[in-house]
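Peer 1: Plus 589 on top of the position in the sequence shown (first one is 1) and you've got the numbering used here.
Glycine included, each C-beta is placed from N, C-alpha and C at the ideal position.
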Amino acid sequence: IHYFHRQNKNTMPGDNITIVAEFILLGFSDLPKLQGFLFGMFLSIYLCILIGNGLLIVITKIDPSLQTPMYFFLGNFSFLEICYTSVTIPRMLADLWTHKGTISFVACAVQTCFLYILGVAECLLLGVMAYDRYVAICKPLYYPLIMNHKVCVQLIVVSWVIGVPILIEETYQIFSLNFCGPNKLNHVFCDAPPLIELACGDTYKIEVFLHVAALMFVITPFLLILVSYVKIIATILRLPSTSGRSKAFSTCSSHLMVVGLFYGSGSIVYLRPKSSHSAGSVKAFALFYTTVTPLFNPIIYSLRNKDVIAALRKLLPK
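1. For L565 and F626, which I take to be in contact (beta-carbon distance under 8 Å), what is that distance rounded to the nearest angstrom?
2. How big is the Cα-Cα spacing for T600 and P883?
3. Between which two residues does the beta strand (DSSP E) holding F765 run?
4. Give me the DSSP bridge partner(s) of L632.
5. Would you kindly check if the distance between the Cβ of N737 and the Cβ of L615 is under 9 Å?
6. Locate the beta strand (DSSP E) running through T910, then write down its first and last residues.
7. Check L615 in the structure and name its three-state DSSP category.
8. Quick one: Cα of L756 to Cα of T701, how far?
9. Thinking just about the alpha-carbon of each residue, which of I821, P771, M718 is nearest to the one in V847?
10. Among residues of its own chain, excluding the 5 on either side of V753, which ones have a beta-carbon nearer than 7 Å to its beta-carbon?
11. What residues in its chain sit with their C-beta under 7 Å from that of F838, if we drop five residues either side in the sequence?
12. Give me the Cα-Cα distance between K933 and L685, rounded to the nearest whole angstrom.
13. Nearest-angstrom Cα distance between V897 and I785?
14. Return the CA-CA distance between P602 and L766, expressed in angstroms with no decimal places.
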């Protein structure tokens, strides 16, 4: 365990305050006999995420029948899923392989920052995809006009960049806390909740800042999704034919399932009261929204979408 020391202006000469220079991610250190199995399992999951989402990106780019806003957003969402998982899984695989969990202070800050930037982009993009379905089903005559290519590109760019300045500032605030003692994070990657638990002194202001950021970039897109689907369902129920209702709902069901997986597991980690936290359950749900959701994304869209299945059949050898 490495520390570095600095003098504090409020201390007497010769008194040092111990500052953490690196953290130790405990990860799965409590399961020493399963390290090899877990490495193989997460490597397989990561490869499946890369291949599955990579195939979705390819078919949404090259298949003529998928050149619509819905599949444009899906291709971007798949790329985002690859980036999101690449922030955590490769590092976790390295720790399992080497049996070392040390991560430098700067590397921990960078991982946290990218995790939040990409996580917020995912929340916003899920909101954009819900809005796209709302316009397609509730305002079909205006759909080509409202969701033209320029607007789609603008929505993607906004989803990626709108939260970046605030999230960089949020990360700076977290890592400006005084880490003066223990440096063991009982987690699989660097994240705010376990970091705040290690901080010395008052963390109230940063916790308020975190909740405000979550309200802006996580809850607001979720409310947009909720409102969109209330209107979508109301419109679908007014459709005269059963086949029309079935077709309309099938275009939304895949997106709804992905939203449920991502928000469900994420809210359990971040919105539960501290008293109900257990390290094992927090790690499990954190892994769920960082690995299982990106893994299921291509599976859900492939199994429930005839256009995607047809495009995959054309692309892949029989």
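Peer 2: Let's see:
1. Residue 565 lies beyond the stretch modelled for the chain, which goes from 590 to 907, so this question has no answer here.
2. Note on T600: pLDDT 39, under 50, position unreliable in the model; the coordinate value appears next. Their backbone Cα atoms lie some 49 Å apart in a straight line.
3. The residue you asked about is not Phe; residue 765 is Ser in the sequence shown. Premise fails: S765 is in no beta strand (DSSP E) and is neither H nor E.
4. Answer is none; L632 lacks a bridge partner.
5. no
6. In the structure as shown, the chain begins at 590 and stops at 907. Residue 910 is therefore absent and cannot be evaluated.
7. Residue state, collapsed to three classes: coil.
8. 10 Å
9. M718
10. Within the same chain, I706 come within 7 Å of V753 by CB-CB distance, once the 5 residues on both sides are set aside.
11. Excluding sequence neighbours, F838 sits near I825.
12. Because the chain in this structure spans residues 590 to 907, residue 933 falls outside the shown range and cannot be described.
13. 43 Å
14. Note on P602: pLDDT 43, under 50, position unreliable in the model; the coordinate value appears next. If you take the alpha carbons of P602 and L766, they lie about 23 Å apart.
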